[in-house]
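Counting from 1 along the sequence shown, just add 31 to a position and that's the residue number in the numbering used here.
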Amino acid sequence: MDKLRVNVDRLNCVARELTSEERNLMEARRRDRHWMSASSAIASKIKRHLRVNGITNMEFAEMLGITPANVTRYLNGKTNFELRTLVEIERALGLHIIDREVVPQKEKKAVAIQVIYSGFDTESTEREEYMSVNMSVGKNRNKVKSTNIWDYA
32 MDKLRVNVDR
42 LNCVARELTS
52 EERNLMEARR
62 RDRHWMSASS
72 AIASKIKRHL
82 RVNGITNMEF
92 AEMLGITPAN
102 VTRYLNGKTN
112 FELRTLVEIE
122 RALGLHIIDR
132 EVVPQKEKKA
142 VAIQVIYSGF
152 DTESTEREEY
162 MSVNMSVGKN
172 RNKVKSTNIW
182 DYA
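Encoded structure:
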């Protein structure tokens with residue numbers, strides 16, 4: 032019985048109430064998990080580029096004009112990158128990180144269809160086919176699964 036009491040006492044020492052600081056940290060991690068996931072993905076992309084191109088952290092720091100400690104912070108995957116920082120990294124490495132093309136989804140679908148059928152002779156029956164395809168996409172816009180032109184070729 033005393034052995035059981037000792038184990039319960041040990042468990043109580045380990046399983047204590049969380050402090051307010053620990054609770055706040057847990058809440059912050061839960062709240063920030065989306066941007067932290069994106070930050071981790073960006074850091075992985077940068078690290079892969081550095082490794083493939085044989086660029087050391089020191090060389091990367093010199094390219095950006097920052098300290099090696101800042102490079103380490105960027106590459107740990109927990110940095111809330113500023114847009115300016117991401118653009119400087121892209122410029123220094125010649126790496127594409129941010130997608131700058133902001134096109135509404137409806138426009139993307141219409142553009143993809145137009146690209147596919149733009150080679151048709153618009154003076155013949157092929158023009159009718161182009162028009163019917165364009166119209167059917169308009170009616171069935173939610174059924175178009177991809178905006179990649181090669182998916183329809």
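Yeah, the Cβ is synthetic: ideal placement off N, Cα and C, and Gly gets one too.
Sorting E93, L56, A69, A100 by C-alpha distance to the C-alpha of E119 places E93 at the top. Counting only runs of 4+ residues, the alpha helix (DSSP H) found wholly inside the region 88-133 occupies 88-95, 99-106, 114-124, in chain order. Collapsing the DSSP output to three states places N55 in a helix. Leaving aside the five residues that flank Y105 on each side, the residues in its chain whose CB is nearer than 8 Å to its CB run, in chain order, A74, I77, F112, T116, I120. S71 and T110 have their alpha carbons spaced roughly 8 Å apart. Here D63 carries a coil assignment [DSSP, helix/strand/coil]. Closest in alpha carbon position to A123, among G108, G96, M67, D130, is G96. Looking at N55, E52, W66, the one whose alpha-carbon comes closest to that of G108 is W66. In this structure V102 is buried. Its beta-carbon is surrounded by 16 or more other beta-carbon atoms within 10 angstroms. Pairing P99 with N84 gives a Cβ-Cβ distance that is not under 8 Å. Taken through DSSP and simplified to helix, strand or coil, I86 comes out as coil. DSSP, read as helix, strand or coil, puts L81 in helix. In this structure, DSSP gives L42 a helical state, which the three-state scheme calls helix. CA-CA distance, R131 to L114, rounds to 12 Å.
In this structure, H80 sits away from L49, with a CB-CB distance that is not shorter than 8 Å.
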